[in-house]
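All letters in the sequence shown, in the order written, are residues 402 to 935 by this note's numbering.
Note that beta-carbon positions come from the ideal geometry of N, C-alpha and C, so glycine has one too.
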Amino acid sequence: MMAAAQDSPVYLGFDFSTQQLKVVAVDGNLNVVHHNNVQFDSELPEFRTQGGVHIQADKLTVTSPVLMWVKALDLLLDKMKRAGLDFSRVRALSGSGQQHGSVYWKRGASETLKQLDPDQDLSQQLQGSFSVADCPVWMDSSSSQQCQDLQAAAGGALRLAEITGSRAYERFTGNQISKLRQTRPAEYREAERISLVSSFAASLFLGDYAAIDYSDGSGMNLLDIRTRDWSEVCLEATAPHLDRLLGAPLPSTSVLGPVSSYFVRRYGFCGSCSVVAFTGDNPASLAGMRLQQGDIAVSLGTSDTVFLWIQQPRPALEGHIFCNPVDWQAYMALLCFKNGSLTRERIRNECAGGSWEHFSASLRDTPLGNTGHIGFYFDTMEITPPAVGVHLFGPDDRAVSSLSPQVEVRALVEGQFLSRRLHAERLGYSIIPGTRVLATGGASSNTDILQVLSDVFDAPVFTIDLSSSACLGSAYRALHGLVAESGVPFFEVVKNAPEPQLVATPHPAAQEVYKQMLKRFARLEERVLQQTRP
Ligand code: 5FX
402 MMAAAQDSPV
412 YLGFDFSTQQ
422 LKVVAVDGNL
432 NVVHHNNVQF
442 DSELPEFRTQ
452 GGVHIQADKL
462 TVTSPVLMWV
472 KALDLLLDKM
482 KRAGLDFSRV
492 RALSGSGQQH
502 GSVYWKRGAS
512 ETLKQLDPDQ
522 DLSQQLQGSF
532 SVADCPVWMD
542 SSSSQQCQDL
552 QAAAGGALRL
562 AEITGSRAYE
572 RFTGNQISKL
582 RQTRPAEYRE
592 AERISLVSSF
602 AASLFLGDYA
612 AIDYSDGSGM
622 NLLDIRTRDW
632 SEVCLEATAP
642 HLDRLLGAPL
652 PSTSVLGPVS
662 SYFVRRYGFC
672 GSCSVVAFTG
682 DNPASLAGMR
692 LQQGDIAVSL
702 GTSDTVFLWI
712 QQPRPALEGH
722 IFCNPVDWQA
732 YMALLCFKNG
742 SLTRERIRNE
752 CAGGSWEHFS
762 ASLRDTPLGN
772 TGHIGFYFDT
782 MEITPPAVGV
792 HLFGPDDRAV
802 SSLSPQVEVR
812 ALVEGQFLSR
822 RLHAERLGYS
832 IIPGTRVLAT
842 GGASSNTDIL
852 QVLSDVFDAP
862 VFTIDLSSSA
872 CLGSAYRALH
882 GLVAESGVPF
892 FEVVKNAPEP
902 QLVATPHPAA
912 QEVYKQMLKR
922 FARLEERVLQ
932 QTRP
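Written as structure tokens, this is what we have:
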């Protein structure tokens with residue numbers, strides 16, 4: 402038994418995230434057999450990053466050194482080898498990267514990639530291979546002018562969203578490319594290829610330039626999410642002949658080729674080990690959570706994030722629609738809400754004496770629908786919707802200046818979840834029989850908060866640990882990539898993965914109460930937006 406287990410196939414999933422490089426290895430039964438990581442700040446101090454990035458003096462420009470990522474891979478593979486991982490068992494590998502970041506390969510780099518010497522580190526050999534040493538990453542917000550220009554060229558923000566799945570965002574790669582071309586033309590001219598962080602990482606394993614996959618490609622404001630090809634109008638508005646620098650996009654489930662001989666000779670990978678297209682960290686998380694049609698994942702952290710599986714997308718001025726990473730006919734949506742845990746903590750301090758126990762008791766002691774009281778809590782300028790301030794309403798829709806502490810606790814939690822549902826539905830989400838809400842993040846340990854989530858969505862809530870979902874999703878995608886071309890669905894391959902835990906089911910009255918309340922909430926939100934619009 403033991404010998405068989407030791408020879409059994411293994412699938413690797415890497416995640417090049419903002420602060421660290423992580424890996425998990427799963428066996429054919431989806432058990433995690435190895436995990437490892439390299440922390441950028443502490444293990445690669447020579448790059449002097451904080452949280453994996455450099456924030457420039459203008460506070461808007463945020464970059465990461467590309468060689469840090471290369472060196473992290475050298476380090477990680479050495480750690481895996483020292484830990485005894487037998488690379489010859491790896492049948493396929495895939496990975497993910499922080500979304501939107503871009504890497505600029507210098508003329509001649511593809512030759513270097515093809516001829517890597519197994520006696521040397523990658524970082525030694527690739528030192529001269531990048532025309533831009535510090536890559537723009539997702540935290541960058543310095544390309545406002547380029548965003549305006551792109552929207553003007555595309556026929557407005559909504560039109561751009563209809564084509565690419567999102568209005569123009571500063572961090573989206575096309576706008577970063579445009580800014581680089583305008584502000585650092587020499588470095589731009591020296592580039593022979595532009596990768597996303599995900600396709601850059603895949604290129605290292607492939608020993609050649611890897612295609613950008615549809616799903617991560619949707620975070621660039623360049624890909625037409627319906628034709629799944631570069632949009633002519635966006636390309637033209639961004640840079641001439643940009644398609645030559647980007648290469649053709651490919652389905653996220655594609656096998657790109659075998660791992661390069663560098664990895665075979667240096668680490669003992671098998672020559673037939675497949676490299677499956679890498680994708681963005683959020684799409685990879687969707688795969689790691691095994692989100693299905695009708696499911697919604699709600700991450701309750703400093704900011705709250707909502708992920709959705711979408712069949713018929715309705716791009717809007719808020720949120721993002723990406724091509725789905727596991728089913729090429731479907732889509733996923735991502736929504737960000739800035740006022741999450743910090744606001745919950747403020748109301749806990751002001752209305753529940755700083756105690757989560759009292760906060761929970763207030764939720765238990767107040768009725769579904771809060772006797773008609775509704776609250777909007779935007780302590781800081783919200784992303785979805787773009788509004789600020791605290792706005793409270795009584796049952797007759799009249800603005801009120803305060804609520805009793807218990808009512809206020811419920812107003813906050815109901816208001817937050819009504820907002821998550823309203824904005825998800827606007828992007829094309831609908832609750833269907835069998836819908837599951839997957840909850841994760843700090844506040845997901847509070848079952849009374851999750852009961853409200855279940856009631857507002859009229860669906861059962863399950864909890865799931867997301868800390869390594871991008872890595873796990875990448876390992877699952879590596880396994881699926883081997884059979885995807887023969888038409889085997891992703892869910893067939895991952896059906897034995899550990900199930901999330903059921904923690905709350907909706908109250909029988911929930912559907913009736915929140916169907917009505919959602920309509921009122923939408924009307925009142927519109928009023929708040931009109932009042933706070935500059
Ligand atoms: C998504 O649009 C984002 O910008 C972030 O979640 C990054 O992907 C984080 F890596």
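Query raised in the report: So the alpha helix (DSSP H) residue 547 belongs to, where does it begin and stop?
Result: Looking at the DSSP string, the run of the alpha helix (DSSP H) that includes residue 547 is 545–555.
Report task. Could you tell me which residues DSSP pairs with residue 437 in its beta bridges? Result -> Under DSSP, residue 437 takes part in a beta bridge, and its partners are 424.
Report task. Answer yes or no: the CB of residue 419 versus the heavy atoms of the ligand 5FX, is any distance below 7 Å? Result -> For residue 419, the shortest separation between its Cβ and any heavy atom of the ligand 5FX lies below 7 Å.
Requested in this report: Pull every residue with its beta-carbon under 5 Å away from any heavy atom of the ligand 5FX, and keep them in chain order.
Outcome: 499, 500, 539, 682
**Report entry** Separation of residue 766 from residue 911, as counted between CA atoms
**Finding:** 16 Å
Query raised in the report: Counting Cβ pairs, one atom from each stretch, are 3 or more of them under 8 Å apart for the stretch 711–724 and the stretch 566–582?
Result: yes
Query raised in the report: Considering only residues of the stretch 677–750, which uninterrupted beta strand (DSSP E) runs meet the minimum length of 3 residues and lie entirely inside it, listed in chain order?
Result: 697–701, 705–711, 721–724, 732–738
Requested in this report: Compare the beta carbon distance of residue 606 and residue 665 with 8 Å and say whether it is the shorter of the two.
Outcome: Result no, Cβ atoms of residue 606 and residue 665 do not sit closer than 8 Å.
**Report entry** Reference residue 400; option with closest CA among 417, 487, 434, 932
**Finding:** Examination of residue 400 is not possible in this model, given that the chain is present from 402 through 935 alone.
Requested in this report: Can you tell me the Cβ-Cβ gap for residue 528 and residue 468, rounded? I've got them flagged as a contact below 8 Å.
Outcome: 7 Å
Query raised in the report: To the nearest angstrom, how far is it from the Cα of residue 601 to the Cα of residue 532?
Result: CA-to-CA, the gap between residue 601 and residue 532 works out to about 14 Å.
Query raised in the report: Alpha carbon to alpha carbon, how far is residue 631 from residue 621?
Result: 10 Å
Requested in this report: Using DSSP bridges, identify the partner residues of residue 597.
Outcome: 503
Query raised in the report: According to DSSP, what are the bridge partners of residue 841?
Result: Partner(s): 700.
Query raised in the report: Are the beta-carbon atoms of residue 437 and residue 477 separated by less than 8 Å?
Result: Going by beta carbons, residue 437 and residue 477 fall inside the 8 Å limit.
Query raised in the report: If we count the other Cβ atoms within 10 Å of its Cβ and call it buried at 16 or more, is residue 755 buried or exposed?
Result: Residue burial annotation: residue 755 is exposed, with fewer than 16 other C-beta atoms found within 10 angstroms of its C-beta.
**Report entry** residue 634 versus residue 615: straight-line alpha-carbon distance, rounded
**Finding:** 18 Å
Query raised in the report: Can the beta-carbon of residue 506 be found less than 8 Å from the beta-carbon of residue 596?
Result: At the C-beta level, residue 506 and residue 596 come within 8 Å of one another.
Query - Span of the alpha helix (DSSP H), counted from its first residue to its last, around residue 416 - result: Residue 416 -> not in any alpha helix (DSSP H); beta strand (DSSP E) instead, spanning 411–417.
Query raised in the report: For residue 828, which of helix, strand or coil comes out of DSSP?
Result: coil
Report task. Please state whether DSSP places residue 922 in a helix, a strand or coil. Result -> helix
**Report entry** Neighbour-count burial assignment, residue 642, 16 or more Cβ in a 10 Å radius
**Finding:** exposed
Query raised in the report: The alpha helix (DSSP H) spanning residue 872 covers which residue range?
Result: 870–885
Report task. Starting from residue 584, trace the alpha helix (DSSP H) both ways and give me its first and last residue. Result -> 574–584
**Report entry** Rounded straight-line distance, which links the Cα of residue 663 to that of residue 670
**Finding:** Here the alpha carbons of residue 663 and residue 670 stand approximately 9 Å from one another.
Query raised in the report: When DSSP builds the beta bridges, which residues end up paired with residue 614?
Result: 651
Requested in this report: Name the residue from 770, 787, 840, 836 whose alpha carbon lies nearest to the alpha carbon of residue 810.
Outcome: 770
Report task. Have a look at residue 626 and residue 498 and give me their C-alpha separation to the nearest angstrom. Result -> Spanning the alpha carbons of residue 626 and residue 498 requires a straight line of approximately 20 Å.
Query raised in the report: When the Cα atoms are used, what is the spatial distance from residue 551 to residue 543?
Result: 14 Å
Query raised in the report: Name the DSSP beta bridge partners of residue 903, please?
Result: 863
Query raised in the report: In angstroms, rounded to a whole number, what distance separates the CA positions of residue 573 and residue 707?
Result: 19 Å
Query raised in the report: Are there 16 or more other CB atoms within 10 angstroms of the CB of residue 782, so buried, or fewer, so exposed?
Result: exposed
Query - residue 862 versus residue 852: straight-line alpha-carbon distance, rounded - result: 8 Å
Query raised in the report: Going straight from the alpha carbon of residue 740 to that of residue 817, what length do you get?
Result: 9 Å
Query raised in the report: Quick one: does residue 568 have its CB under 8 Å from some CB of chain B?
Result: Annotation note: the requested chain B is absent from the structure, which comprises a single protein chain.
Query - beta strand (DSSP E) segment containing residue 848, residue limits - result: Not the beta strand (DSSP E): residue 848 falls in the alpha helix (DSSP H), residues 848–858.
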